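Engineer:
Protein chains: 2
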Amino acid sequence: MEANFEQVGKAFIQHYYQAFDTNRAALADLYQGESMLSFEGSQVQGKEAILAKLTTLPFTHVQHQVTSTDCHPTTNGGILVHVCGNLVVDQESDKPPLKYSQTFVLMPLPGGTGWWVFNDIFRLNYG
Amino acid sequence: MEANFEQVGKAFIQHYYQAFDTNRAALADLYQGESMLSFEGSQVQGKEAILAKLTTLPFTHVQHQVTSTDCHPTTNGGILVHVCGNLVVDQESDKPPLKYSQTFVLMPLPGGTGWWVFNDIFRLNYG
Numbered sequence: 025m026e027a028n029f030e031q032v033g034k035a036f037i038q039h040y041y042q043a044f045d046t047n048r049a050a051l052a053d054l055y056q057g058e059s060m061l062s063f064e065g066s067q068v069q070g071k072e073a074i075l076a077k078l079t080t081l082p083f084t085h086v087q088h089q090v091t092s093t094d095c096h097p098t099t100n101g102g103i104l105v106h107v108c109g110n111l112v113v114d115q116e117s118d119k120p121p122l123k124y125s126q127t128f129v130l131m132p133l134p135g136g137t138g139w140w141v142f143n144d145i146f147r148l149n150y151g
Numbered sequence: 025m026e027a028n029f030e031q032v033g034k035a036f037i038q039h040y041y042q043a044f045d046t047n048r049a050a051l052a053d054l055y056q057g058e059s060m061l062s063f064e065g066s067q068v069q070g071k072e073a074i075l076a077k078l079t080t081l082p083f084t085h086v087q088h089q090v091t092s093t094d095c096h097p098t099t100n101g102g103i104l105v106h107v108c109g110n111l112v113v114d115q116e117s118d119k120p121p122l123k124y125s126q127t128f129v130l131m132p133l134p135g136g137t138g139w140w141v142f143n144d145i146f147r148l149n150y151g
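These protein sequences, in sequence, are chains A and B. Each residue of the first sequence is one higher than the one before, starting from 25 at the first, in our numbering. Each residue of the second sequence is one higher than the one before, starting from 25 at the first, in our numbering.
#1: Between the beta-carbon of B:Gln67 and the beta-carbon of A:His96, is there less than 9 Å?
#2: My assumption, with CB atoms under 8 Å, is that A:Val129 sits in contact with A:Thr79. Please give the rounded CB distance.
#3: With a Cβ-Cβ cutoff of 9 Å, do A:Pro132 and A:Gly101 count as a contact?
#4: Between which residues of its own chain and A:Ala49 is the CB-CB distance below 8 Å, once the five residues before and five after are set aside?
#5: Let's see if you can read the secondary structure: which residues bound the alpha helix (DSSP H) around B:Asp45?
#6: Consult DSSP for A:Leu104 and reduce its assignment to one of helix, strand or coil.
#7: Alpha carbon to alpha carbon, what distance is there between A:Leu81 and A:Ala182?
#8: For the stretch 58-146 of chain B, which segments carrying the beta strand (DSSP E) assignment without a break, of at least 3 residues, lie completely within its bounds, in sequence order?
#9: With A:Val141 and A:Tyr55 assumed to form a contact (beta carbons below 8 Å), what rounded beta-carbon distance in angstroms separates them?
#10: Just to confirm my understanding: we take A:Phe29, look at its own chain, exclude 5 residues before and 5 after, and list those with CB closer than 6 Å. What are they?
#11: Using a C-beta to C-beta distance shorter than 9 Å, which residues of chain B count as neighbours of A:Val129?
#12: Using 9 Å as the limit for Cβ to Cβ distance, is B:Thr79 near chain A?
#13: Hey, out of A:Lys71, A:Gly65, A:Met60, A:Gln87, whose CA is closest to A:Gln38's CA?
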């Protein structure tokens with residue numbers, strides 16, 4: 025397996041949730057025209073549509089608490105990242121947190137200057 | 025987005041869990057030398073190593089109850105499949121089921137004769 029896929033994947037997850045929880049509009053830089061997002065079964069494609077979806081979700085304050093991060097190299101130089109965790113929404117700290125899982129496929133930017141999100145699938149895990 | 029990725033992904037999931045829950049050794053046909061599996065953080069590569077891992081897990085009877093399946097086309101003609109569900113282990117039906125999530129990247133076999141598993145990441149979602 026390739027060398028630094030785990031380092032890249034874990035750094036991405038830290039960056040992604042920090043942006044999501046503090047300045048969601050900054051996530052736009054991670055997506056491109058080809059990018060796809062499924063959020064609780066609702067599927068959109070392209071940077072603008074994804075940003076519109078992420079910034080109009082029905083909660084204001086949210087905190088992601090990651091419990092596991094697994095990274096694999098995948099086809100065509102991509103990195104697959106699978107996360108499980110807790111989601112604390114709108115400071116409802118008296119309620120048990122929601123469990124969630126999320127999967128990303130990251131692709132390298134031209135010139136090795138970073139990574140962009142090809143796929144993003146988010147689900148609450150009600151079980 | 026491509027036409028039948030959702031159909032392929034959902035048919036794969038049905039086949040995969042049926043084999044897992046009734047004849048785990050049959051899963052070997054889905055993996056190749058490049059395939060990677062992470063099972064609860066333990067990572068193995070290649071058809072033989074993956075089969076050895078899957079057939080020596082510390083439970084005998086298991087039942088996957090899928091609650092959500094999300095499919096995306098991904099890079100290089102692959103299909104990304106993200107599943108959430110419940111896992112009932114060794115007929116412990118008196119206990120609440122464990123929640124899990126699992127992600128696959130499927131790649132087409134040469135000649136369009138089927139699909140193989142490039143990546144497989146499984147996690148219980150303790151949250």
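Just so it is clear, CB atoms sit at the ideal spot from N, CA and C, and this is done for glycine as well. This structure is a prediction, so every number in the text was calculated from the model and none was measured.
Structural biologist: So, from the listed chains and residues:
#1: Yes, Cβ-Cβ distance for B:Gln67 and A:His96 is below 9 Å.
#2: About 22 Å; that fails the 8 Å criterion.
#3: yes
#4: Leu75, Thr79
#5: 29-46
#6: strand
#7: Nothing about residue 182 of chain A can be reported from this structure: the residues present for chain A run from 25 to 151 only.
#8: 66-69, 86-97, 103-113, 122-132
#9: Here A:Val141 really is in contact with A:Tyr55; their C-beta atoms are around 5 Å apart, less than 8 Å.
#10: Cys95, Pro97, Ile103
#11: His96, Thr98, Thr99, Gly102, Leu104, Val129
#12: no
#13: A:Gln87
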